[in-house]
Amino acid sequence: MSEPVPVGRWGDLRKRVFSAIVMVAVGAFEIWVGGLPFDAFAIVVTGVMIWELAGMTAPWKEGSPVQLGFNAVVSLGLALILNPMIALVVLLCPAAAFLATERRDRVLAAIYSVAIMFAGYGLVQLRTETGISVIVWVIAVVVASDVLGYFAGRMLGGPKFWPKVSPKKTWSGTIAGWIGAALVGAGFVWFGGADWLLVPVSVLVAFAGQMGDIAESWVKRRAGVKDASNLIPGHGGVLDRFDALIGAVVVIQLVGLVVPVATLIGG
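Just so we're on the same page, the working numbering is the position in the sequence shown counted from 1, plus 838.
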């Protein structure tokens, strides 16, 4: 006799956990290896996210998502080998393509595509220039914020953070995410000798990740879809899992203009 399928608010937990384990294993391997395999991984993931964004904003254009995804792969690949100033222009190619094609919310899609492209570029730059420590820290912050936010939101509920844009996100989950990020930063301080400034920076990065999540929720809400795609069981699409990382990496790049995060971690 088969086991009953879990229902209610925890009904998707089993699939989410299994998919999360697979994603963590793949991500950990790529981060550890670094170099060309990691670059290729980041390029492909970025292309898939652009493909999902294109599919959400123009579902009636069958070939457009694939073309835009390929555009992103080529653009990011070129940006990584070109002069940084030229790379900045190349990274805008997908945004130009979004603006040039008939679709829903062209400007919003173009702006969001810029964030995706710069996050992909920034992730590769972080791994290349700072090694493993910074990548591990930012992923740990995003994961801790997401996991604590998920469980606190489901268990505690309460007032919504921004109901018109992200109906499921609560203040309890949001604050729990900040606490989780602060604990990750404190862990790097206590066990890794990082600067105490990393704790508030971790909270800032978590907040940026949450805003990345809300930004994607807004795009999906306007597109009238629940998930960016159905590529990952229990999680939806790649964009649904990397939306927070997009916001986090973009903010880390901005913070890096003031103080290199690697110096706070001790890298």
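We treat Cβ as the ideally placed atom computed from N, Cα and C, and that holds for glycine.
Through-space distance from residue j to residue i, alpha-carbon basis
i	j	result
Gly987	Pro1038	18 Å
Pro1035	Arg941	Here residue 1035 is Leu; the residue named in the question, Pro, does not match the sequence. In a straight line, the C-alpha of Leu1035 is about 43 Å away from that of Arg941.
Gly915	Ser951	16 Å
Ile1103	Arg1060	39 Å
Ser1067	Val979	25 Å
Ser840	Gly1031	Here the model assigns Ser840 a pLDDT of 40, short of 50, so the residue's position is not dependable, and the following value carries that caveat. Cα to Cα, Ser840 sits roughly 50 Å from Gly1031.
Ile970	Asp877	13 Å
Trp996	Gly1015	Per the sequence shown, the amino acid found at residue 996 is Gly instead of Trp. The alpha-carbon atoms of Gly996 and Gly1015 are separated by roughly 15 Å.
Ile973	Pro1005	30 Å
Val845	Lys1007	At Val845 the pLDDT is 47, less than 50, meaning the model places this residue with poor confidence; the figure from the coordinates comes in the next sentence. When rounded, the distance between both Cα atoms is 20 Å.
Lys998	Gln1091	29 Å
Ala938	Phe1029	50 Å
Pro897	Gly1025	44 Å
Asn921	Leu964	16 Å
Residues near residue i in its chain [Cβ-Cβ closer than 6 Å; skip 5 each side]
i	result
Ala1046	Gly1085, Ala1086 and Val1089
Ala933	Ala948, Ser951 and Val952
Arg847	Interpretation of Arg847 is limited by its pLDDT of 49, a score under 50 that renders its predicted location unreliable; no figure is taken from the coordinates.
Gly1075	Glu890, Asp1065, Ala1066, Ser1067 and Leu1069
Ala935	Leu906 and Asn909
Same chain only: Cβ atoms within 8 Å of residue i, ignoring 5 sequence neighbours per side
i	result
Val882	Val911
Leu1083	Ala957, Leu961, Val976, Ile977, Val980, Gly1047 and Gly1050
Gly885	Gly907, Phe908, Ala910, Val911 and Leu914
N- and C-terminal bounds of the alpha helix (DSSP H) containing residue i
i	result
Thr895	Gly873 to Thr895
Trp975	Ile970 to Leu994
Ala1066	Careful: Ala1066 lies outside any alpha helix (DSSP H) and carries neither H nor E.
Ile1052	Leu1036 to Ala1061
Ala1032	Premise fails: Ala1032 is in no alpha helix (DSSP H) and is neither H nor E.
Arg1079	Val1076 to Gly1094
Counted within 10 angstroms of its Cβ, other Cβ atoms place residue i as buried (16 or more) or exposed
i	result
Met993	exposed
Lys1058	buried
Pro903	buried
Thr966	exposed
Leu1095	exposed
Leu874	exposed
Limits of the unbroken beta strand (DSSP E) element including residue i
i	result
Lys1007	Ser1004 to Thr1008
Trp1000	Lys998 to Trp1000
Residue j beta carbon less than 9 Å from that of residue i
i	j	result
Asp1033	Thr968	no
Glu868	Phe856	no
Val1043	Val1093	yes
Leu906	Ala892	yes
Arg944	Thr895	yes
Trp1000	Ile1052	yes
Tyr959	Leu930	no
Trp1056	Val1003	yes
Ala990	Ile1013	yes
Near the ligand FAD: residue i beta-carbon under 8 Å from a heavy atom
i	result
Met923	Judged by which ligands are present, the structure shown has none, so any question about the ligand FAD falls away.
Chain-order list of residues whose beta-carbon lies under 7 Å from that of residue i (same chain, five-residue window excluded)
i	result
Ser1040	Val979, Ala1019, Ala1020, Val1022 and Gly1023
Leu1077	Met887, Glu890, Leu891, Glu1054 and Ala1066
Ile919	none
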